[in-house]
Amino acid sequence: YVEANDYMVPGIGVYFNSTCAQCDAGCSVNGRVREGRVLKLEGNPDSAINKGKLCGLGQAGVQHHYNPDRVREPLLRNGNKGEAISWDKAYALIAEKLAGVQGEEIAFLSGGVSGHLKVLLGNYLDSLGTKNHFVYEAIAPSVVRAANVKAFGVEMPRYRFDKAQVVLSFGADFLGSWVSPVHFSQQYAQFRKGVNGQRGVLIQVESKMTLTGANADRWLAVKPGTEGVLALGIINALGMATGDVAELVKGYDKARVSRETGVSTGQIDKIAALLKLRSPSLVLAGSAAEGYAHGSQNAAAINLLNQVLGNVGKTIEAPVSVPFPQMAPSKGNTVALKNLNDGLAAGKYKVVFNFAANPVFTAPGAFKFKDNFAKAGFKVAFAHYLDETALQADLVLPLDSALEDWGTQVPEYLTEGAQINIQQPLMERLHADTRGMGDILLSLIKQKKADEYKGFEDYYAYLRGAVLQNKGALGGGGVEDDTFWNDTLTNGIVKLAGTTTSLAAHASAAGLLLPAEAEADEHFPLHLIPGVTASLRDGRHTNQPWLQESPDPLTTIVWDSWVEIHPKKAAELGIVEGDIVEVTSKTGSVKAQVYLFPGIHPEAISIPVGRGHDAMGRYAKGYGVNPFQIMDAVFEAATGELAMHETRVKISKTGQRVLVVKDEGAAGALQMGRKIAARVSTDQVDLSKEV
Amino acid sequence: MSVSNLLENWAQVRHEHPNNDKPHDPYKWAMAIDLDACTGCNACSVACYAENNLPVVGREKFQHGQQMHWLRVERYWDEDGREFPDQGFQFLPMMCQQCEAAPCETVCPVAATNHTADGLNSQIYNRCIGSRYCSANCPFKVRYFNWYDYPTTDNVWPAEMQQQLNPDVSVRGKGVMEKCTFCVQRLSAAKVKAKGEGRIVAEGEVQTACQQACPTSAISFGNIVNPESRVHKQWAAQQVELAKDKQDKNEGEAPSELRGYRILEELRAYPSVMYLERVRESAV
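So the sequence lines, in the order shown, correspond to chains A and B. For what it's worth, my numbering labels the leading residue of the first sequence as 779, then goes sequentially. For what it's worth, my numbering labels the leading residue of the second sequence as 1072, then goes sequentially.
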């Protein structure tokens, strides 16, 4: 307390289990509650996903809940202002606007959803007679998912870092922001410990260093977009391929691969030798490989390397799935955004709903999404904050925070077994007039199907009813209803016998064709690589001050955006740290401070995404720039996903210079000969005797 | 405590360690951090903000070097002039090293910072007059001064955010020095509980917030006096001794095959945190 209440006797903390809602990985949290207030989020040790651990992003969930800039009552547009109205009026207004509107004139945009909320949302959309549910995530491994289906028969197999002796990652930031980072970090720790002192080796191939790259034994700055070429070059160097694969890689000799990728022939030999020597290994395709127009081909080449190495079934296992397909996560992608945007541009929609997405902020500038969104007749945003999209809506409905709301969640990436995560309120509502998304959907669906849903007073009743109805399948056969429900809430997780599919594992080069070397663009000579950081992701949590002040691990910059440039390139252009440069693409331009960063290919620059809000409250608005704004609309050829790494830019000096606000310290990043953060190579150390 | 009382009882106020007359018993809190497991993800640092009521100072004050992160992740890169940092970066979680002969303690004019019997370098906020000598004398630069009254500073803890503050930890006012405490509130709670049950705190019973959050379990923490503790075993296996400023394993001609070391050991501060060197594969 800054000021304790008079006569207050502090109690002891109690802990409630719930589920982290900061990303979709589905870590279970243990919320510390005292005097009716949630104080801290910790990991739930019983979860197979995070085993008691929690990342910074997850811990900052309390600042989502206590954020002073939350929307507190339903707001109806009146000119440029939002006027507070009652919930009854808001529901009546939605009913009025939906009256006489055809199903195809309604669109519902959401982020990834799963569990009972997904079921309820589906039912609501059915009741409206619309099939226009656009599930959109600005940053998602969609191309890799599609490539995995082709190679293994599943979207996301289970990766076993802990069983691998070598991990070769093509731009998968699995320690930072990729799929299930807390879980992968734990496996990574086991992988590094290894067996009998035989420590796992991590090789990271990418054009811009990620957190994972910063932890690699060998980090290779590959020429942007040539990840697939390198993968085929390694297959060639291995000499293990047969049949059509051998035929395919024949042309990828070391000299050519080295020329195209910028990786030395000696290095290719070393990687091939190591992969042969230490098996099993694990090869990953991440966002840096999939972000190009030929992203599917890159990912296919990388998966092919896995197959040639015989990793399928060893470090790449069949995933578990939850035996309730209707609750399985709807995974967001960018095709959905494109389709919605096209429809909006054509003026197709009379009523548009938006939930858990902020497309006005995250859509690439070339989409002109904000203008197109304005063409929709009536726009409803379910929102926690007045973010950029909510500001464009006609009606804003304030949501409960994740620490106030009920829910169930099914993670896309399951680990040891299948599980359904429970989300429950850790404290009373902070603001009287916010509502849970489930409650709102239930109220809306009752407008259409009052009889069917009249038995459910609120979403809690619906959830309890739905769980108890399937008590047997959820492992509660023979247990009394109240007991089972209370146990479920106490545990925060329902563990299930999952179903396991099997993996297809035949190596085939069919359909794999990498494009010829890209021509240099003289007007826009540099590649723009959007930096995805572990704490800011797509920018939906930028208004959490812990995350703003948590230094970017690689640059140590806080509270601002930056342009990463290789020192060599910067010298060529006469740029020094702190110079404000204008970064211009075909679509637009942004101005930001420069940070000289050796972990980037000289032909590329990188700006982190997530900052540059012009809304979303005091902790987000006005800090940094938004690189989504200058992204071109280039699409991946096979899947139609946005190719996020395909934007080309040029940079020019503006003549201004600022001091970069960072945590690097007076000596820069140098140890000045002292032994502070020490490093030793494997041949000088004996790990077998360690505790 | 009056100043005269303080001066008369200086020896009690200022415990000196390592000291054979007063061995650590039954507790000496210590840490071991495996830099090969640390990925630099900052989860520990955020956990520290959440647990210890650290203010978020904002961009401008951060620029002035007034950030309050008791635990920061330092990042270093190679100085060999290669084109790319092709062995990654070096990350190092840096917090108060809870030195046994802490340079900060001797210079405090009011004994606001002193040594506790269980081996913590403690900071008594009510006694601190803000001379900042301790900070000047700290070789690790892990002491943080309250230049402002953060509780009343705009947007640091607006009304809603105040509700998140941990009631077990005091919110510091303007003009006092603060630093990592090894989550002393958690240690106290565990010690009181154990004492009530007539035993000492068992291994694993208490975790620091940073240790608890760390996704790779790079941080281990515990009572180094207890031979069953992981920390004790790690220090022993690495042949790092608390009371030595030069470890025996480094005395010979050949370099040690062990990874354990303490930072700036030659300053004879006897830190309670041992780091394990980051390892990089020589075959690639």
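Glycine included, each C-beta is placed from N, C-alpha and C at the ideal position. As the structure is a computational prediction, the values presented were derived from the model and not from experiment.
Can you tell me where the beta strand (DSSP E) holding residue i begins and where it ends?
i               : result
L819 (chain A)  : 815-821
I1049 (chain A) : I1049 (chain A) -> not in any beta strand (DSSP E); alpha helix (DSSP H) instead, spanning 1043-1055.
P1308 (chain A) : 1304-1309
T1014 (chain B) : Outside the modelled stretch of chain B, which goes from 1072 to 1355, sits residue 1014 (chain B), for which no answer is possible.
A1196 (chain A) : 1196-1201
A1159 (chain A) : 1156-1161
M1102 (chain B) : 1100-1105
Could you tell me whether the Cβ atoms of residue i and residue j are closer together than 7 Å?
i               : j               : result
A1382 (chain A) : H1305 (chain A) : yes
Y1397 (chain A) : P1323 (chain A) : yes
C1281 (chain B) : L1106 (chain B) : no
V1277 (chain B) : L1258 (chain B) : yes
N1136 (chain A) : D1165 (chain A) : yes
L760 (chain A)  : A1009 (chain A) : The structure shown does not extend to residue 760 (chain A), since chain A spans only 779 to 1469, so no value can be given for it.
A925 (chain A)  : S1074 (chain A) : yes
N1478 (chain A) : A916 (chain A)  : Coverage of chain A is limited to positions 779 through 1469, which leaves residue 1478 (chain A) absent and any answer about it impossible.
S826 (chain A)  : T1193 (chain A) : Sequence check: residue 826 (chain A) is Ala here, not Ser. Yes.
S1459 (chain A) : R1351 (chain B) : yes
L1281 (chain A) : G931 (chain A)  : yes
I1046 (chain A) : G1011 (chain A) : yes
I1295 (chain B) : A1101 (chain B) : yes
L1204 (chain A) : V811 (chain A)  : yes
Y1127 (chain A) : A1106 (chain A) : no
Give the interface partners of residue i over in chain B, defined as CB-CB distance under 8 Å, in chain order.
i               : result
P1386 (chain A) : Going along chain B, no residue has its Cβ under 8 Å from P1386 (chain A), so there is no contact; the nearest lies around 14 Å.
G907 (chain A)  : Those do not exist, as G907 (chain A) stays about 41 Å from chain B at its closest Cβ, beyond 8 Å.
P989 (chain A)  : Note that residue 989 (chain A) corresponds to Leu in the displayed sequence, not to Pro. Going along chain B in sequence order, the residues near L989 (chain A) (Cβ under 8 Å) are T1110, G1111, C1112.
V807 (chain A)  : Residues of chain B passing the Cβ test: none, with the nearest at roughly 11 Å.
S963 (chain A)  : T1110, C1112, P1286, T1287
So the alpha helix (DSSP H) residue i belongs to, where does it begin and stop?
i               : result
M934 (chain A)  : That residue, M934 (chain A), is in no alpha helix (DSSP H); it is neither H nor E in DSSP.
D1357 (chain A) : No alpha helix (DSSP H) contains D1357 (chain A), which is instead part of the beta strand (DSSP E) from 1357-1362.
L903 (chain A)  : 893-906
K859 (chain A)  : Note, K859 (chain A): premise wrong, no alpha helix (DSSP H); beta strand (DSSP E) at 859-862.
So residue i contacts chain B; which residues on that side make the cut at Cβ distance below 7 Å?
i               : result
A1288 (chain A) : What A1288 (chain A) touches in chain B: nothing, since even the nearest Cβ is about 32 Å away.
Y844 (chain A)  : E1231, M1232, Q1234, Q1235
If residue i sits next to residue j, beta carbons under 8 Å apart, how far is it from one beta carbon to the other, in whole angstroms?
i               : j               : result
N1076 (chain A) : A929 (chain A)  : No, N1076 (chain A) and A929 (chain A) are not in contact; Cβ-Cβ is about 12 Å, not under 8 Å.
I1335 (chain A) : V1439 (chain A) : 7 Å
Q1326 (chain A) : T1320 (chain A) : 7 Å
W1337 (chain A) : F1292 (chain B) : 31 Å between Cβ atoms; not a contact.
Q1234 (chain B) : R815 (chain A)  : 5 Å
I1385 (chain A) : P1308 (chain A) : 7 Å
Y1204 (chain B) : C1179 (chain B) : 6 Å
Can you tell me whether residue i is buried or exposed? The criterion is at least 16 other CB atoms within 10 Å of its CB, across all chains shown.
i               : result
R1318 (chain A) : buried
Q1462 (chain A) : exposed
M1422 (chain A) : buried
G809 (chain A)  : buried
P1058 (chain A) : buried
T1167 (chain A) : buried
I1198 (chain A) : buried
R1315 (chain A) : buried
V1412 (chain A) : buried
H1095 (chain B) : buried
N1197 (chain B) : exposed
Q1371 (chain A) : buried
T1020 (chain A) : exposed
Name, please, each residue of chain A whose Cβ falls closer than 8 Å to the Cβ of residue i.
i               : result
E1322 (chain B) : Here the premise fails: no neighbours, minimum Cβ distance about 16 Å.
E1150 (chain B) : L1448, Q1449
At 9 Å on the CB atoms, spell out the chain B contacts of residue i, in chain order.
i               : result
C833 (chain A)  : C1112, N1113, A1114, V1117, A1284, P1286
P1331 (chain A) : T1110, G1111, C1112, N1113, V1144, R1146, F1160, F1162
For residue i, which residues in chain A fall below 7 Å Cβ to Cβ?
i               : result
S1377 (chain B) : Given a span of 1072 to 1355 for chain B in the structure shown, any question on residue 1377 (chain B) remains unanswerable.
R1330 (chain B) : V1458, V1463
Y1120 (chain B) : W1324
Q1305 (chain B) : V1469
E1299 (chain B) : The premise fails here: E1299 (chain B) is roughly 12 Å from chain A at the closest Cβ pair, so nothing lies under 7 Å.
Give the interface partners of residue i over in chain A, defined as CB-CB distance under 9 Å, in chain order.
i               : result
R1270 (chain B) : Those do not exist, as R1270 (chain B) stays about 20 Å from chain A at its closest Cβ, beyond 9 Å.
Is residue i a contact residue of the ligand SAM, with contact defined as CB to any heavy atom under 6 Å?
i               : result
V1341 (chain A) : This structure does not include the ligand SAM; it has no bound ligands of any sort.
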